[in-house]
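Residues in the sequence shown are numbered consecutively from 0, following numbering that gives the first Met the number 0.
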Amino acid sequence: MTMQFDPLSDYSLRNYAQVYSGSLLLDSSGWVLVGGSFVADSAYQFIVLGNHFDDAHTNAVAFGGTEQFAYYLIDDVCLSPDPSFCDLPEGITLNLTIGEPVIHPNPGVDVITVYCGRQDSFGVNVRNAVGEAVLLRSADGSDRISLDVSALPRGAYFVEVEGVDFVSSGKFILVE
Numbered sequence: 000m001t002m003q004f005d006p007l008s009d010y011s012l013r014n015y016a017q018v019y020s021g022s023l024l025l026d027s028s029g030w031v032l033v034g035g036s037f038v039a040d041s042a043y044q045f046i047v048l049g050n051h052f053d054d055a056h057t058n059a060v061a062f063g064g065t066e067q068f069a070y071y072l073i074d075d076v077c078l079s080p081d082p083s084f085c086d087l088p089e090g091i092t093l094n095l096t097i098g099e100p101v102i103h104p105n106p107g108v109d110v111i112t113v114y115c116g117r118q119d120s121f122g123v124n125v126r127n128a129v130g131e132a133v134l135l136r137s138a139d140g141s142d143r144i145s146l147d148v149s150a151l152p153r154g155a156y157f158v159e160v161e162g163v164d165f166v167s168s169g170k171f172i173l174v175e
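Encoded structure:
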């Protein structure tokens, strides 16, 4: 269930968090582990992830530039009935059906890799949002092909993967 935030509500920051890191998160390009556990003591209906401290209780470091904001990507959140066990994957496993394409990274920037799911000869046709073919490549005897998409305009694209006995499609987005 998602609830819309209402700025006129009586919600106020409590300057408290169940899971807390006392150190500043200074890595501007990598992952920083913030870990902990919380055992609910009543019938909680929601979990909220974020900074629950007001400006007076939040430290910030400027890395240059004039922007007055930042964003964080949150990954590998585990909700488990057993606080001693969290079944999080420790790598990426591709469970593909034959011919089902996986496009990584998605969204992409300069290079994307299309995984076909089988070691075979196949072709990849990239089309823009209006259906025009903008990139054609082929792979021989591999289950993947890397595509240089740095010259393409940022936006949404469709991928057609065609082999001897299969055809499948996918989509990806290019960002700055």
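Backbone N, C-alpha and C fix where the C-beta goes; we use that ideal spot for every residue, glycine too.
Looking only at its chain, what residues have a beta carbon closer than 7 Å to the beta carbon of residue i, apart from the 5 residues adjacent to it on each side?
i    : result
L12  : H51, F52 and D53
K170 : A155, Y156, F157 and V158
V113 : P100, I102, V123, R143, I144, L146, V158 and V160
For the beta strand (DSSP E) that contains residue i, what are its first and last residues?
i    : result
S146 : Sequence inspection shows Leu at residue 146; the Ser mentioned does not correspond to that position. Per DSSP, L146 belongs to the beta strand (DSSP E) from A132 to D147.
Q118 : V110 to R126
V158 : G154 to G162
G169 : V166 to L173
V129 : No beta strand (DSSP E) contains V129, which DSSP labels as neither H nor E.
H188 : For residue 188 there is no data in the structure shown, the boundaries of the chain being 0 and 175.
How many Å lie between residue i and residue j at the Cα?
i    : j    : result
Y19  : L134 : 47 Å
G259 : L72  : This structure does not reach residue 259, given that the chain is present from 0 up to 175, and the question cannot be answered.
R126 : V108 : 16 Å
S168 : L25  : 40 Å
E175 : V60  : 24 Å
V148 : I111 : 7 Å
S41  : A55  : 30 Å
C85  : V76  : 9 Å
T78  : F45  : Per the sequence presented here, residue 78 reads as Leu, with Thr not at that position. Taking the straight line joining both Cα atoms gives about 11 Å.
V129 : V31  : 40 Å
E131 : S137 : 18 Å
S8   : P80  : 31 Å
V33  : A150 : 37 Å
Just to confirm my understanding: we take residue i, look at its own chain, exclude 5 residues before and 5 after, and list those with CB closer than 6 Å. What are they?
i    : result
N105 : F171
S120 : D139
P152 : none
G35  : V18
A16  : H51
By Cβ distance, which residues of its chain are closer than 8 Å to residue i, with the 5 residues on each side in sequence left out?
i    : result
F118 : Just to set this straight, residue 118 is Gln in the shown sequence, not Phe. Around Q118: G140, S141 and D142.
L48  : I73 and V76
Give a single yes or no on whether residue i has its beta carbon closer than 6 Å to a heavy atom of the ligand GTP.
i    : result
L146 : Annotation note on the ligand GTP: not contained in the displayed structure, which lists no ligands.
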